[in-house]
C-alpha cells in the first residue's frame, strides 16, 4: 500500500487469507473496546443516570449550565443520590409542578448577584455575601415582570426609601412631642417587609443541593454551603424575632388603618365606635370582647374622677 498498489493484486498468494485477516481485525477491536459492539446503541439502558453523566470540560462548568442540568435531571425523576439510578417519572413530575419554579428563583437571584461564574469558583466567601443579601430583599421583589432591576440595586433603593421615610416621620413626631416609645412603635410600621426567615432558608437549601450536585458530578471536592448556611440556633433566633414582630398590634397594617377616612376626616358623631374601638384596642390593653359590651351605666364618678 505504501507504493499505491492493491495488496490483493501485488500478492496473489495472500488472497485466501483475506477472510481470516478481517476476522482477526474485528477480534482486536472487540478486545480494545468490548462495549463497542456488545450492546447496540439503540438497546443501551437510557434510564440509568450513569449513562447520562457528562464530564467537566477543561474550562469548567458555568453556574447556569450546571443548574439547568441539575433541574432537568430532577424533572426527569432522578434523585441524584446514587451513580446508577433509575428515574421515578412521577417524582419528576411532582418536582416540576411544585418545586422547579422555586429553584429557578434562587438561580436567578444568584446570577443577578454574582453573574454566571464557574461552579468550581464558588467559595465560602462568595456564598456568605450572597446569603447576607437574602434577608434584605424586599418581600415584593420578583412579583412584577416590569421591574428589571438587579437584586443589589433593588436592595440599595429599598434601604434608601425606608431610611428616608423613617427619618422624615421621626422628625415630625419629635416635633409633635411624642415620647420615644410611641415614636418607635409608629416607625416599626414604616419598615418595608423583607424576605422571611423560612424563604431565606429555602434559598440556602437550594444552593446546598446545587453545590452538592457539583460534588456528585466530580466538579469540585467539597460543598462550601455547609460551612456558611444558617445554623439551627440562628434559624430559631430569627424565627422567634419574627414571631414577636408578628404579635405587634396591627403590624404593618397600622399605617393603613390610621390613614383611613374615619381618622383623616372630621367625625359626624364624636362617639362613633368605628373611630374609638380600634384606638382602645391598640392603646388601652382591654379585652375587646369585654370592652365593647360596656354601656354608660357601667361608668360612674368617684370623688370627681370618672
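Numbering (full-length UniProt numbering), first residue to last: 1 to 306. Every residue, glycine too, gets a C-beta built ideally from N, C-alpha and C.
*In three-state DSSP terms, what is residue 302?*
strand
*Roughly how many whole angstroms lie between the Cα atoms of residue 258 and residue 232?*
Just so you know, the alpha carbons of residue 258 and residue 232 end up roughly 39 angstroms apart.
*In three-state terms, what does DSSP make of residue 278?*
helix
*Roughly how far, in whole angstroms, is the beta-carbon of residue 106 from the beta-carbon of residue 206, given that I think they are within contact range, below 8 angstroms?*
4 angstroms
*Check each candidate in 86, 125, 75 and name the one with the smallest Cα separation from residue 225.*
125
*asked:* Our contact map puts residue 192 next to residue 167 with C-beta atoms below 8 angstroms; I'd like the distance itself, whole angstroms only.
replied: Rounded, the Cβ-Cβ distance is 14 angstroms, inconsistent with contact.
_In chain order, what are the residue ranges of uninterrupted alpha helix (DSSP H) at least 4 long that sit wholly in the segment 164-200?_
180-188
*With DSSP collapsed to three states, give me the class of residue 118.*
strand
*Where does the unbroken alpha helix (DSSP H) through residue 225 begin, and where does it stop?*
Where residue 225 is concerned, the enclosing alpha helix (DSSP H) starts and stops at 225-228.
*asked:* So, at 6 angstroms on beta carbons, what are the nonlocal neighbours of residue 123 in its own chain, with the 5 sequence-adjacent residues on each side left out?
replied: 224
*Does the Cβ of residue 255 have 16 or more other Cβ atoms within 10 Å, making it buried, or fewer, making it exposed?*
exposed
*Tell me whether residue 46 is buried or exposed, calling it buried when 16 or more other Cβ atoms sit within 10 Å of its Cβ.*
Below a pLDDT of 50, predicted positions are generally treated as unreliable, and residue 46, at 43, falls in that range; the measurement from the model is reported next regardless. Flag for residue 46 reads exposed.
*Contact between the segment 169-184 and the segment 194-210: three or more CB pairs below 8 angstroms?*
no
*Quick one, are the C-beta atoms of residue 75 and residue 100 less than 8 angstroms apart?*
yes
*So, using beta-carbon positions, are residue 229 and residue 131 closer together than 8 angstroms?*
yes
*Are residue 64 and residue 134 close, meaning C-beta to C-beta below 8 angstroms?*
no
*Note down, in chain order, each residue of its chain lying with its Cβ closer than 8 angstroms to the Cβ of residue 235, except the 5 sequence neighbours on either side.*
197, 201
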